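J.: So the sequence shown is numbered by our numbering: it starts at 956 and just counts up by one.
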Amino acid sequence: VSLTHLNLENLNTKNNLCEKCKKELSPFVTFDVKSQISQILDNEKLLNQVMKNNLNEISTKSVLDLKEGSIYREEKNLSRNRFISLVLNTDGAPITNSRNYNMWPVLGTIVELDPQSRESFKNVVILGNFKHFN
């Protein structure tokens, strides 16, 4: 992931204090999601996948992909506009051997991309990162 892809000029770090004990809470760093999605969809092939998936009827016979699930189908039928949706995930990882410091990146993938494109790391949207100190 390039630094341009993350648009670090729009980086936002929030340090919060616990209202009860006034202890500083671990910061959550957010990234510019809109610019990342725009950069992904600037690729004509990927944009065409999203457009195709917005226009196509969804199969109700079997569930082979996220877009064929009942909740997704219901939301798509209710929306009069074309849209994109993100699947969000996170997983903590120790940064040092001391295990006193963990990072929890919050990542998203565009559901309307074909599965192979969706799973490519270059098409992952980085929403934020939670830094946790033990």
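Cβ atoms here follow ideal geometry from the backbone N, Cα and C, with glycine treated the same way.
On a predicted model such as this, the values are computed, not experimentally measured, just so you know.
Taking the alpha-carbon of Ser993 as reference, which of Ile1065, Lys1086 and Ser1075 has the nearest alpha-carbon?
T.: Reading the sequence shown from its first residue, position 38 is the one you call residue 993. Of the candidates Ile1065, Lys1086 and Ser1075, the one whose C-alpha sits nearest the C-alpha of Ser993 is Ile1065.
J.: Helix, strand or coil: which one does DSSP assign to Val1042?
T.: Working through the sequence shown from its first residue, we reach residue 1042 at position 87. Strand at Val1042.
J.: By Cβ distance below 8 Å, which residues in the same chain neighbour Asn1078 in space, the five residues on each side in sequence not counted?
T.: In the sequence shown, counting from the first residue as 1, residue 1078 sits at position 123. Contacts found: Ile995, Leu1001, Thr1064, Ile1065, Leu1068 and Ser1072.
J.: If you count every other CB in all the chains shown that lies within 10 Å of the CB of Phe986, and 16 or more means buried, which is it?
T.: Working through the sequence shown from its first residue, we reach residue 986 at position 31. Per the 10 Å Cβ criterion, buried.
J.: Alpha carbon to alpha carbon, how far is Gly1024 from Leu1041?
T.: Locating residue 1024 in the sequence shown gives position 69, counting from the first residue. Locating residue 1041 in the sequence shown gives position 86, counting from the first residue. When rounded, the distance between both Cα atoms is 14 Å.
J.: Below 8 Å on the Cβ atoms is my guess for Phe1085 versus Phe983; work out the distance and round it to an integer in Å.
T.: Locating residue 1085 in the sequence shown gives position 130, where the first residue counts as 1. Locating residue 983 in the sequence shown gives position 28, where the first residue counts as 1. Between Phe983 and Phe1085 the Cβ distance is about 5 Å, and since that is below 8 Å, they are a contact.
J.: With DSSP as the reference, label Lys1086 as helix, strand or coil.
T.: Working through the sequence shown from its first residue, we reach residue 1086 at position 131. In this structure, Lys1086 counts as strand in the three-state DSSP scheme.
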